[in-house]
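Engineer: Take a look at this one; I'll ask things after.
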Amino acid sequence: MANSKYEYVKTEFEPDFETKLLPSTYIVIRIDGHQFSEEQEFDKPNDPRALMSLMNACAVAMFEEFKDIVFAYGFGDEYSFVFTRTSKFYQRRASKILSTLVSFFSSLYVTKWNLFFSQKDLRCTPFFVGQIMYFPWDETLRCYLAKRQDDCHNSNQYNTCLWELVKSGKTKTEAQDILKGTRTQCRNELLFKQFDINYNTVPMMFRKGSSVFRDKLKVVVKNRENGDPVVRLRKKVIVEHCDIIGESFWREHPSLIASEDLNLLRNVHSSNVYECMKNETEVKNKLLPYTWIVVRIDGRHFHQFSDMHDFDKPNDSKALGLMNACVVALLEKFKDVIFAYGVSDEYSFVFSKTSQFQQRQGSNIVSMIVSFFSSLYVLNWDEFFPHKELRSTPSFDGRAICYPSTKILRDYLAWRQVDCHINNQYNTCFWMLVKSGKTKREAQSILKGTQTPDKNDLLYKQFGIDYNTLPAMFRKGSFIFRDKVEEIVQHRENGCGHIQKVQMKVIIEHCDIIGESFWKENPHLITCDN
Ligand code: GTP
Ligand code: MG
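Quick note, the sequence shown lines up with residues 1 to 530 if you use full-length UniProt numbering.
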C-alpha cells in the first residue's frame, strides 16, 4: 500500500528503538496489582484465599498461552513469570513481551473473577503494573526468586498478626504501632502467646506463596480391553506451595533452571545478592523529559479474534463502540492522558510533554494503560455483545514513543489517520468484491496498484456506494478528548427554565485531525511550541 508523507514518524522514531533483551539471559516479567485490593475491600481473612486462587488460576492459564514460560512464582497480588534462557519470544523485545503478558493476565483476571467470587461484584477495574528484568546467571535468578519468597513470608506473617490484632479489638493504627520494628521471632511469639496460633501451621499457600511449573505426571490415557489402565507420562502445569529458597526444590526439578553451580549460593545470603543485582537487572526506560509521550496499543491476533466472534466486515460498529467505551473510561481514570486517537484494534494515548505520570517510567506507563484497557475490554464486552459469548482472551501489546515537537506529534496523528483511510478504503472495496462473488485472491488482484480515485470509482460504479457517505467512524477513526460541555444540573422548581453548569466531559468525535481546523477549534489540546 502507498506510503504517506507522514511515515517518517515511524521510520525515524520507532525502528529498533525498542530495547531488546540480551540473548541467553532469563527474562522475568513481574506484575503487581495496582491499588485495587484496597478499593475492592476484600473481606479479611477469607477473601485473600480466593484472591490467591484466582491469581493462581490466571498463572496456570499463562503457561498454556506462553510456551516459553518455564516457571512462575506469586503471592498476594503479584506474580513473576520466568522465560527460558533461550526464548526468542517476540525477538526478546522488552515492551512487546511486558505489555502482552500484563494485558493477557489482566483479561484473564476479569474473565475468571466470577469463578472465585460469584457473590461479589468487581467494584473497580483491576489493573496491574509490570516490570521487566533479565538475569544472566542461574544464581542471580535463584536469588531473585528467594527474595520474592522472603517478601512473601514477611508480608504474610505481618498481615496475619495485623488482622488477628484487629479482630481482637485493636484499631488498625494501634495494630500497626504494635508491629512496628518487630521481626520474625517476635511475631511468631505474639501469634502464639496472644492468639494460640502456631505460625508454621498456617496454610502453605500463604506462607510459601505459589510456584507454578510444568511437570511430568502419570496420566491414564485409555483402558485396555481387559480394563487395565494405560498410563503415560504427560507434561502438566502444576501449582506447589513449597520452599524455593533452599536446594531441594531445584534439585528435584533440574530442568526448570539448569543451575550450573548451586554451590555458589551456599555461602551467600540471597537477599543481599539480589539487592546488589537489582539495579543491573531491571530494565528501566525513563522517557525523555519534555517530549510528548504516545502510548500505542494494538490488539493481539485480532484477525483471528474478530473471525472467532464474527465481527462485521470490514467494520463492526459494536466492536469499535466497545473500544471507544474503554477509552472513555480510561480517560476518566487517567487524567494525564490528554486525548486518544484510534482505529480498528489500535489506540494511541497522548500524554503531555510535562506529564510526570509514573515519573515517566516507560514500562510502568505502558503496562498500566494496556492492563487497564484489557480489563475494561472484558468487563464491557457483554454491554456491546449481549448475545455473544467471549470465546477467547483478548489481549493488546503496547509501546511508548516520545515525540519532541508538536509538529511531529501532529504528523504522528496524521500518519495514523492516513493509515485509517488507506486501510478502510481498501477493505471496503475488498469485502464488497468478495460479497459480490469474487474470491479473495481475485479481489486482491483487482485492487493491486489502485489509487484512491480508482477505488472510489470502483465502489461507485460497481456497487453504487459513495465512499464519502460511509460512517465517519469508519473513514476517520475516533478521537476522544475532554471538553467543556454545558449540562442541565437542575430544573427550577417553578418549572421556568433550568440551571446549567459547564462540566468537563470526555467526548468522542470522528473528524479530520490532519488539517488545521479541528486543532484551531480545540486549542487547549495541544499548545504550539515550535
Ligand atoms: P497483530 O496485531 O500483529 O497481533 O495482528 P492482528 O491480527 O491483530 O492484525 P492487525 O493488528 O494488523 O490488524 C487488525 C485486524 O483486526 C484486522 O486486520 C482485522 O482482521 C481485525 N479487525 C479489526 N477491527 C475489525 C472490525 O471492525 N471488523 C472485522 N471483521 N475485523 C476487524
Ligand atoms: Mg492487532
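Note that CB positions come from ideal geometry on N, CA and C, so glycine has one too.
Pull up the CB-CB distance for Q503 and I488, whole angstroms please, since I reckon it's below 8 Å.
Structural biologist: Your numbering for residue 503 matches position 503 in the sequence shown. Your numbering for residue 488 matches position 488 in the sequence shown. About 11 Å; that fails the 8 Å criterion.
Engineer: Could you tell me which residues DSSP pairs with M133 in its beta bridges?
Structural biologist: Translated into positions along the sequence shown, residue 133 becomes position 133. Bridge partners of M133: V28 and E282.
Engineer: By Cβ distance below 6 Å, which residues in the same chain neighbour I31 in space, the five residues on each side in sequence not counted?
Structural biologist: Counted from its first residue, the sequence shown places residue 31 at position 31. For I31, where only same-chain residues beyond five positions count, the Cβ hits under 6 Å are Y79, V102, F105, F128 and G130.
Engineer: Is any non-hydrogen atom of the ligand MG found closer than 7 Å to the C-beta of D307, if you look at the structure I gave you?
Structural biologist: For this step, residue 307 is matched to residue 307 along the sequence shown. Checking every heavy atom of the ligand MG against the Cβ of D307, none is found closer than 7 Å.
Engineer: In chain order, what residues of the same chain lie with their CB nearer than 7 Å to the CB of R232, ignoring the 5 residues before and after it?
Structural biologist: Looking up residue 232 in the sequence shown gives position 232. So the list reads V219 and V221, once near-sequence residues are dropped.
Engineer: On a CA-only basis, which of S95, Q444 and G449 is nearest V28? Give me that one, please.
Structural biologist: To locate residue 28, count along the sequence shown from 1; it is residue 28. Out of S95, Q444 and G449, S95 has the C-alpha closest to the C-alpha of V28.
Engineer: Along the chain, where does the beta strand (DSSP E) that runs through R296 open and close?
Structural biologist: On the sequence shown, residue 296 is found 296 positions in, with the first residue counted as 1. Its beta strand (DSSP E) spans residues W292 to G299.
Engineer: Please state the DSSP three-state secondary structure of N494.
Structural biologist: One-based indexing of the sequence shown puts residue 494 at position 494. Looking at N494 - three-state DSSP - the assignment turns out to be coil, as it is neither helix nor strand.
Engineer: Considering only the alpha carbon of each residue, which of F206, Y199 and P453 lies closest to Y73?
Structural biologist: By one-based count along the sequence shown, residue 73 stands at place 73. Looking at the Cα atoms, F206 is the closest of the given residues.
Engineer: For P229, name the three-state secondary structure that DSSP assigns.
Structural biologist: On the sequence shown, residue 229 is found 229 positions in, with the first residue counted as 1. It is a strand residue.
Engineer: For L390, which residues from the same chain have a beta carbon less than 6 Å from its beta carbon, with the 5 sequence-adjacent residues on both sides left out?
Structural biologist: Here the question's residue 390 lines up with position 390 in the sequence shown. Cβ within range, chain order: W381.
Engineer: What are the start and end residues of the alpha helix (DSSP H) that includes N114?
Structural biologist: Looking up residue 114 in the sequence shown gives position 114. First-last of the alpha helix (DSSP H) with N114: A94 to F116.
Engineer: Taking all protein chains shown into account, do 16 or more other C-beta atoms lie within 10 angstroms of the C-beta of G33, making it buried, or fewer, making it exposed?
Structural biologist: Looking up residue 33 in the sequence shown gives position 33. Flag for G33 reads buried.
Engineer: Hey, how far is the Cα of V268 from the Cα of I132?
Structural biologist: As a position in the sequence shown, residue 268 is number 268, starting the count at 1. As a position in the sequence shown, residue 132 is number 132, starting the count at 1. Summary for V268: the model assigns pLDDT 47, below 50, so the residue's position carries little reliability, and this model does not support an answer.
Engineer: What distance in whole Å lies between the Cβ atoms of V328 and I508, which are believed to be in contact at a cut-off of 8 Å?
Structural biologist: Looking up residue 508 in the sequence shown gives position 508. Looking up residue 328 in the sequence shown gives position 328. I508 to V328, Cβ: 7 Å. Contact.
Engineer: Measure the alpha-carbon distance for Y134 versus R296 and round it to whole angstroms.
Structural biologist: Along the sequence shown, one-based indexing puts residue 134 at 134. Along the sequence shown, one-based indexing puts residue 296 at 296. Roughly 24 Å separates the two Cα atoms.
Engineer: Is V485 near C420, with beta carbons less than 8 Å apart?
Structural biologist: The residue labelled residue 485 in the question sits at position 485 within the sequence shown. The residue labelled residue 420 in the question sits at position 420 within the sequence shown. Not closer than 8 Å, so no.
Engineer: Determine the extent of the beta strand (DSSP E) in which residue 550 is found, giving its start and end residues.
Structural biologist: Residue numbering for the chain in the displayed model covers 1 to 530; residue 550 lies beyond these limits and cannot be assessed.
Engineer: Could you check if E260 is buried or exposed, using at least 16 other CB atoms within 10 Å of its CB as the buried criterion?
Structural biologist: Here residue 260 is taken as the residue at index 260 of the sequence shown, counted from 1. Low local confidence applies: a pLDDT of 49 at E260 is under 50, so the model's placement there is unreliable, and no value is given.
Engineer: Could you check whether the Cβ of R399 sits closer than 7 Å to any heavy atom belonging to the ligand MG?
Structural biologist: Here residue 399 refers to the residue found at position 399 when the sequence shown is read from its first residue. Result no, Cβ not under 7 Å from the ligand MG.
Engineer: Strictly by DSSP, which residues pair up with A72?
Structural biologist: Along the sequence shown, one-based indexing puts residue 72 at 72. DSSP, once it has assigned bridges, lists F81 and V212 as partnering A72.
Engineer: Taking E252 as the reference, give the member of D121, D215 and Y377 with the closest Cα.
Structural biologist: By one-based count along the sequence shown, residue 252 stands at place 252. Ranking D121, D215 and Y377 by Cα distance to E252 puts D215 first.
Engineer: Tell me which residues share the same chain as F63 and place their Cβ nearer than 6 Å to its Cβ, disregarding the 5 neighbours each side in the sequence.
Structural biologist: For the purposes of this step, residue 63 is identified with residue 63 of the sequence shown, where counting begins at 1. Excluding sequence neighbours, F63 sits near I69 and V237.
Engineer: In chain order, what residues of the same chain lie with their CB nearer than 6 Å to the CB of Y377, ignoring the 5 residues before and after it?
Structural biologist: The residue given as residue 377 occupies position 377 in the sequence shown. For Y377, where only same-chain residues beyond five positions count, the Cβ hits under 6 Å are C326 and P394.
Engineer: Take every Cβ of the region 169 to 176, pair it with every Cβ of the region 87 to 94, and state whether three or more of those distances are shorter than 8 Å.
Structural biologist: At 8 Å Cβ cutoff, the stretches do not touch.
Engineer: Is it the case that the CB of G299 approaches a heavy atom of the ligand MG more closely than 7 Å?
Structural biologist: Position 299 of the sequence shown, counting from 1, holds the residue named residue 299. Checking the Cβ of G299 against the ligand MG gives yes.
Engineer: With burial defined as no fewer than 16 other Cβ atoms inside 10 Å of the residue's Cβ, what is the status of P254: buried or exposed?
Structural biologist: The count along the sequence shown starts at 1 and reaches residue 254 at position 254. Flag for P254 reads exposed.
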